[in-house]
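To start, the structure itself, in structure tokens.
Residue numbers (our numbering): 151 to 433.
Below you can see the structure in the form of structure tokens.
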């Protein structure tokens, strides 16, 4: 599993490469510690991306491993990129864990949502209703809503990830706030669904049992050479990150199965449109 305070995808990649270079040099962590005058825990923290290695430390490591340019320059640049502050660092008080840094660097996000509209597609009023399910402090609520709206911006940037999300039909019936809030959220979903990099589907009740009954999850894919795919599960006990090939493969297969069972994108947009009309009719 990914450590909850792992910095960024590039930080994880740097740590992995340093570990691989040590192994290629035929050295154990205690060997590195002894030769550099460090403690073994320091070496392990660097190789697990639990701490930032200074430029001096990185150069010392690469001297020991015999790493020269251009590989050396590439690793130093990777370290600089890994240490850049992402937008989410301004919201550490409301966003915990690693997920946002992973999401920010993903090239593809596959997301199954059985409860609420995914955070990347929520409107401010809908997001406010979601947040108020967990806190009633007005200042905290607005802070969290602002963070969620900033998060949405990744779908508007030039290098936006491909976002494939499947919503359980229950989301269309779960009243979150006023009818106006729901109608605006549905309209926003229809607008987002027209983006070329957004694929939105709805899984209807009539499909019965399906592989997503255990709860929501996401599978994040990164550019080749950046990081292996990761599966993410949000649970009452905390975030869970799955990195083993078998675990990630099972989540991908589950998502593929739900995709086949869900309405097509065109049918899904029509279903959301009907949901918006039903709200109007009920007023």
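Backbone N, C-alpha and C define an ideal beta-carbon position, used for all residues, glycine too.
When the Cα atoms are used, residue 331 and residue 274 turn out to be separated by approximately 9 Å.
Residues 252, 253, 256, 259, 379, 380, 382 of the same chain have their beta carbon placed closer than 7 Å to that of residue 370, with the five preceding and five following residues left out of the count. The bridge partners DSSP lists for residue 313 are 259, 348.
Residue 381 carries a strand assignment under DSSP once its states are collapsed to helix, strand and coil. Of the candidates 159, 342, 215, the residue whose Cα lies closest to the Cα of residue 182 is 215.
Nearest Cα to residue 203 within the set 314, 218, 232, 217: 232.
Rounded to the nearest angstrom, the gap between the Cα atoms of residue 293 and residue 384 is 21 Å. The shortest C-alpha to C-alpha distance from residue 164 to any of 227, 243, 344 is the one to 227.
By the criterion of a C-beta distance shorter than 8 Å, residue 335 is surrounded in its chain by 267, 272, 273, 275, 276, 326, once the five residues flanking it on both sides are discounted.
Under the DSSP definition of a beta bridge, residue 391 partners with 382. For residue 331, the enclosing alpha helix (DSSP H) covers residues 329–342.
No Cβ-Cβ contact shorter than 8 Å links residue 187 with residue 262.
Just measuring C-alpha positions, the residue of 312, 414, 208 sitting nearest residue 161 is 208. In the structure shown, residue 285 falls within a coil segment according to DSSP collapsed to helix, strand and coil. Shown here, residue 200 sits in coil according to DSSP, grouped into three states, outside any helix or strand. According to the DSSP assignment, residue 322 belongs to the alpha helix (DSSP H) that extends over 320–323.
Here the segment 311–324 lies against the segment 336–350, with 3 or more beta-carbon pairs under 8 Å apart.
In this structure residue 222 touches residue 212 by the C-beta definition: roughly 5 Å separates them, less than 8 Å. The shortest C-alpha to C-alpha distance from residue 193 to any of 166, 243, 217, 236 is the one to 166.
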